[in-house]
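First up is the structure itself, then whatever we jot down about it.
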Amino acid sequence: MRIRRLAAILGTAAIVFAGCSATPGASGGGGSQAAGGGCTVGMSWNNYQEERWAKWDEPAIKKAIEDGGGTYIANDAKSSAETQATNVENLINQGAKVVIILAEDDVAIKPSVAKAIGEGIPVIAYDRLIEDPGVLYITFDNIEVGRMQAREIFKLVPKGNYAIIKGNEADANARFLRDGYEEIIGDAVKSGDIVIKGETFTDGWKPENAQTNMEQILTSSNNEIDAVLSENDGMAGGVVQALDAQGMAGIPVSGQDGDQAALNRVALGTQTVSVWKDARELGKAAGDAAIALCSNKDVKAVKDTAEFTTPGGNKVSSILLAPLPILQNNLNEVVDAGWITKDALCQGVTDTSKVPACQ
Amino acid sequence: MSEATAVPTTAPSREPSTGRARSVLQSFELDTRLLGMIVALAIIWLGFNIISGGLFLTPRNLWNLSVQSATVAIMATGMVLIIVSRNIDLSIGSVLGLTGMFMAMIQAEWIPKTFGLGFDQPWTWIVTIAAGVALGALIGGFQGFVIAYVGVPSFIVTLGGLLVWRGLSFQLAQGQTIAPLDTTFQLLGGGPKGSLGANLSWLVGGIACLGIGYSLIAGRRRRRKYGFPTRPLGIDIVIGVVGVAIALGAVAVANAYPWPPQLASQYAAENGITEPAGGLIIPTGIANPVLIALAVTAVMTLVATRRRFGRYVFAIGGNPDAANLAGINTKRTILMTFVIMGVLSAIGGVVLSARLNAATVSLGTQSELYVIAAAVIGGTSFAGGIGTIPGAVLGAVVTQSLQSGMVLLRVDSPIQDIVVGIVLVAAVGFDTVIRRRST
Numbered sequence: 001m002r003i004r005r006l007a008a009i010l011g012t013a014a015i016v017f018a019g020c021s022a023t024p025g026a027s028g029g030g031g032s033q034a035a036g037g038g039c040t041v042g043m044s045w046n047n048y049q050e051e052r053w054a055k056w057d058e059p060a061i062k063k064a065i066e067d068g069g070g071t072y073i074a075n076d077a078k079s080s081a082e083t084q085a086t087n088v089e090n091l092i093n094q095g096a097k098v099v100i101i102l103a104e105d106d107v108a109i110k111p112s113v114a115k116a117i118g119e120g121i122p123v124i125a126y127d128r129l130i131e132d133p134g135v136l137y138i139t140f141d142n143i144e145v146g147r148m149q150a151r152e153i154f155k156l157v158p159k160g161n162y163a164i165i166k167g168n169e170a171d172a173n174a175r176f177l178r179d180g181y182e183e184i185i186g187d188a189v190k191s192g193d194i195v196i197k198g199e200t201f202t203d204g205w206k207p208e209n210a211q212t213n214m215e216q217i218l219t220s221s222n223n224e225i226d227a228v229l230s231e232n233d234g235m236a237g238g239v240v241q242a243l244d245a246q247g248m249a250g251i252p253v254s255g256q257d258g259d260q261a262a263l264n265r266v267a268l269g270t271q272t273v274s275v276w277k278d279a280r281e282l283g284k285a286a287g288d289a290a291i292a293l294c295s296n297k298d299v300k301a302v303k304d305t306a307e308f309t310t311p312g313g314n315k316v317s318s319i320l321l322a323p324l325p326i327l328q329n330n331l332n333e334v335v336d337a338g339w340i341t342k343d344a345l346c347q348g349v350t351d352t353s354k355v356p357a358c359q
Numbered sequence: 360m361s362e363a364t365a366v367p368t369t370a371p372s373r374e375p376s377t378g379r380a381r382s383v384l385q386s387f388e389l390d391t392r393l394l395g396m397i398v399a400l401a402i403i404w405l406g407f408n409i410i411s412g413g414l415f416l417t418p419r420n421l422w423n424l425s426v427q428s429a430t431v432a433i434m435a436t437g438m439v440l441i442i443v444s445r446n447i448d449l450s451i452g453s454v455l456g457l458t459g460m461f462m463a464m465i466q467a468e469w470i471p472k473t474f475g476l477g478f479d480q481p482w483t484w485i486v487t488i489a490a491g492v493a494l495g496a497l498i499g500g501f502q503g504f505v506i507a508y509v510g511v512p513s514f515i516v517t518l519g520g521l522l523v524w525r526g527l528s529f530q531l532a533q534g535q536t537i538a539p540l541d542t543t544f545q546l547l548g549g550g551p552k553g554s555l556g557a558n559l560s561w562l563v564g565g566i567a568c569l570g571i572g573y574s575l576i577a578g579r580r581r582r583r584k585y586g587f588p589t590r591p592l593g594i595d596i597v598i599g600v601v602g603v604a605i606a607l608g609a610v611a612v613a614n615a616y617p618w619p620p621q622l623a624s625q626y627a628a629e630n631g632i633t634e635p636a637g638g639l640i641i642p643t644g645i646a647n648p649v650l651i652a653l654a655v656t657a658v659m660t661l662v663a664t665r666r667r668f669g670r671y672v673f674a675i676g677g678n679p680d681a682a683n684l685a686g687i688n689t690k691r692t693i694l695m696t697f698v699i700m701g702v703l704s705a706i707g708g709v710v711l712s713a714r715l716n717a718a719t720v721s722l723g724t725q726s727e728l729y730v731i732a733a734a735v736i737g738g739t740s741f742a743g744g745i746g747t748i749p750g751a752v753l754g755a756v757v758t759q760s761l762q763s764g765m766v767l768l769r770v771d772s773p774i775q776d777i778v779v780g781i782v783l784v785a786a787v788g789f790d791t792v793i794r795r796r797s798t
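In order, the protein sequences belong to chains A and B.
For what it's worth, our numbering labels the leading residue of the first sequence as 1, then goes sequentially.
For what it's worth, our numbering labels the leading residue of the second sequence as 360, then goes sequentially.
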């Protein structure tokens, strides 16, 4: 009885959920088999519920694949590593000849990847690394993102007290970014010019956790913080709120992703830099590479690839795109690209003399 | 808070009357569990204070702690009623997220842009909160209906809710972070500007003292009226004095935290005040989220212990069949507990989004775990029928103390999770053993 009831409810919940959310590519069910001829490319999202994937990445990937004569199918693992393993197999069963994976967990996905490669299906690791020498790794250069953030902050505060707000500990990107910081400020830390007053990982990259952590760092250092290296924009939002509560908003703060709220903060001057990775370029690169892999399965033969040594010591073929640091003086780049409207960017900006994009 | 030290909601008669000392202690009718928690909290605070070299017990850190605990405390008061009546609500983090996102859309998108009425209207925050709370009540009512009238277990309904409401929250803003929020609304999230200042804080302290006095006197009068033995007068006086001291002490601590110097100078400059030599000292006082949490605690304690509805909830938890046979409308009562939970989740959404000055897709994820932990650490039993509102609020303060203290000591997040998890199980285990021994 109870089990049947449970099943009924879960079923209903699933229907409601599916009905309400535009499931990636609206093709989770497998109704859209390749129309014949073209090559089917499967995309496995780890968590579609993030601002950028649906809005920017997916349309670019889909377009590149369809322009190349292929068919795009996709599914979403909803932040579950186990679901993602099943999803990858589903994509292959649905006829995918190339699989693109945005990995929830860079290690847990390895068996599925090895299996796919074993079956002669090339795998593209999208934006997040997968520790398998056979994959094609396409991403923005995350160490470079870290360097860019640190460079802009270091320019403004070559000497002083830093706080470092890192992302989720289980995410390799959090470590890459920190490595990038080290390359820029490492020497200054050794010489004592820069003192790191607080450094913490942030569960799930959550802004509210970053806010609480920042409050505690300010408390323990008695507000003696001159600059904050925050690994992304969401957390920078929490950091700026914590600073604002102490009347300290305006000290240099870094971020990345080009979130609308963050770009607005750059215009307002409460955040120094948001390193912008144009997701459309990334999507296009992945889509083009997938089409190339349809005809030639050798991941090293895809153009513009270079060898990348992973933290796990694997050498993988990779395409690393260069990100763009967005500062107060080049905000026009994001407006011109149609990434954000001028109204949203300039909301609340009263002094436009320093913000050319708002004039 | 101290109101309930005087009026325990758990039946003290459960404890046996062996030994003279125990029976004397029993005649005091103190909630030993609540006392135990206060002692545990004191140990945690002193421990952190020593390890951190005196950083923990500063007005500033205690003030931070009070604000950081507020959201979980607000929701934990509702979770007590849910768990006491043998249900569970796993959806509250998602309800918080959805209502928070809904309110952010109202104040940052729909009112100013869609209707073209502009930002920062004086009435924006009221409309926003009314709509958000209504949505919370509606969601809670819907889940409560399915649970109470359709008969689907609450675990399943709210597990579904956890997925559905979070998904809807994503749909609402297409995954975007909505910020900045209305300037008046932001004040509900705390910060020096979102606090009461010295005078109003003392006023709140004064009201708390009157409340403590009144509840003690009314309690004695009521007992005499029905011919119950009253507590020794001396004990009531001690309880009253301690309660008043805690209330006024808390206000004094909140007022001892001055506005940050940078903010005070800005304020002085904006208002044309010449700064004195040592800088302008503005007492911060009780933060708005804390005021909200206190008000919610007081109301919920009243509802749980002094209203028929609260009695019904505890009766249902104690024995659902007996409650039903006694003529209690159990279905309606269960439905109402979920409506209350929905409303409290929406209030949690107000505080959390106002504090962050943004609504994100991840707003409130996993808060259901912290809320349930707070209620359970605070002595709410999954067997039903047992639990107190002030206990749950203390539970929220305990968990947040552990987390904030560890950040202060630079302990990283995975270790924090480990510690909180162990404390959760240890607290309940300890409690269970003590209980078993005493019966």
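Positions of the beta carbon are idealized from the N, C-alpha and C atoms, including for glycine.
Item, Value
"Kindly say whether B/P773, judged by its beta-carbon, lies nearer than 8 Å to any beta-carbon of chain A.", "yes"
"Return the residue from the list B/I706, B/A606 and B/T430 that minimises the CA-CA distance to B/W561.", "B/A606"
"Since A/E333 is in the alpha helix (DSSP H), which residue starts that stretch and which ends it?", "N332 to D336"
"Spell out whether any CB of chain A is found under 8 Å from the CB atom of B/G556.", "no"
"According to the neighbour-count rule (16 or more other Cβ atoms, all chains shown, within 10 Å of its Cβ), is B/G566 buried or exposed?", "Reading off the sequence shown, one finds Ile at residue 566 of chain B, where the question assumed Gly. Its Cβ having fewer than 16 others within 10 Å, B/I566 is exposed."
"If the cut is a Cβ gap below 8 Å, which residues of chain B does A/Q211 touch?", "R714 and L715"
"Let me know if B/Q725 comes out buried or exposed under the rule of 16 or more other beta-carbons within 10 Å of its beta-carbon.", "exposed"
"Can you pull the DSSP bridge partners for A/N75?", "A/S44"
"Which value, in whole angstroms, describes the spacing of the CA atoms of A/G69 and A/I61?", "13 Å"
"Would you kindly work out how many angstroms separate the C-alpha atoms of B/N582 and A/A245, rounded to a whole number?", "Strictly speaking, residue 582 of chain B in this sequence is Arg, with Asn absent from that position. Distance between the alpha carbons of B/R582 and A/A245: 48 Å."
"If you draw a straight line from the alpha carbon of B/P591 to that of B/F514, how long is it in whole angstroms?", "44 Å"
"Thinking A/A125 and A/I143 are a contact (beta carbons under 8 Å), I'd like their distance in whole angstroms, please.", "Their Cβ separation, rounded to whole angstroms, is 16 Å, which puts A/A125 and A/I143 out of contact at 8 Å."
"Where do the ends of the alpha helix (DSSP H) carrying A/N223 lie?", "Counting along the chain, A/N223 falls outside any alpha helix (DSSP H), and DSSP gives it neither H nor E."
"Is it the case that the CB of A/D127 approaches a heavy atom of the ligand SAH more closely than 7 Å?", "The model on display carries no ligand, and the ligand SAH is accordingly not part of it."
"Go ahead and pull the three-state DSSP assignment for A/K277.", "coil"
"Let me know if B/Y671 comes out buried or exposed under the rule of 16 or more other beta-carbons within 10 Å of its beta-carbon.", "buried"
"Is it right to say B/R580 is buried, meaning 16 or more other beta carbons lie within 10 angstroms of its own, or is it exposed?", "exposed"
"Since B/A751 and B/G737 are thought to touch, with beta carbons under 8 Å apart, how far apart are those beta carbons, to the nearest angstrom?", "4 Å"
"Under the rule that 16 or more other beta-carbon atoms within 10 Å means buried, what is A/I138, buried or exposed?", "buried"
"Going by C-alpha to C-alpha distance, which of B/W482, B/V523, B/V486 and B/Q625 sits closest to B/F501?", "B/V523"
"Hey, is B/G638's beta-carbon within less than 8 Å of any beta-carbon in chain A?", "no"
"Identify the contact partners of A/Q246 in chain B, using a Cβ-Cβ distance below 7 Å as the criterion.", "P619, Q621 and L622"
"Please report the Cβ distance between B/G723 and B/G456, rounded to the nearest whole angstrom; I am assuming they are in contact, meaning their Cβ atoms lie under 8 Å.", "5 Å"
"If the cut is a Cβ gap below 9 Å, which residues of chain B does A/N223 touch?", "P619, P620 and Q621"
"By the three-class DSSP mapping on this structure, what secondary structure does A/E144 have?", "helix"
"Taking C-beta pairs closer than 8 Å, name the residues in chain A that B/L546 reaches, listed in chain order.", "Those do not exist, as B/L546 stays about 11 Å from chain A at its closest Cβ, beyond 8 Å."
"Could you check where the beta strand (DSSP E) with A/Q256 kicks off and where it finishes?", "S254 to Q256"
"How is the alpha helix (DSSP H) around A/Y181 delimited, first residue to last?", "A172 to S191"
"Could you give the C-beta distance for B/S760 and B/L400, rounded to a whole number, given that I count them as a contact under 8 Å?", "7 Å"
"For a contact defined as C-beta to C-beta under 9 Å, what are the partners of A/F201 on chain B?", "D771, S772 and P773"
"Please compile the residues from chain B whose C-beta is within a distance smaller than 8 Å of the C-beta of A/T219.", "L414, T417, R419, N420, N423 and L767"
"Using a cut-off of 8 Å between C-beta atoms, extract the partners of A/E169 located in chain B.", "D771, S772 and P773"
"If A/I121 sits next to A/V98, beta carbons under 8 Å apart, how far is it from one beta carbon to the other, in whole angstroms?", "7 Å"
"Under 8 Å Cβ to Cβ from B/I693, same chain only, skipping five residues before and after it: list those, please.", "S444, N446, G503, I506, A507 and I675"
"Just the chain B side, please: which residues come within less than 9 Å of A/K206 by C-beta, in chain order?", "T719, S721, L722, T724 and Q725"
"Over what stretch of residues does the alpha helix (DSSP H) that includes A/G198 continue unbroken?", "Element bounds for A/G198: not the alpha helix (DSSP H) but the beta strand (DSSP E), I194 to T200."
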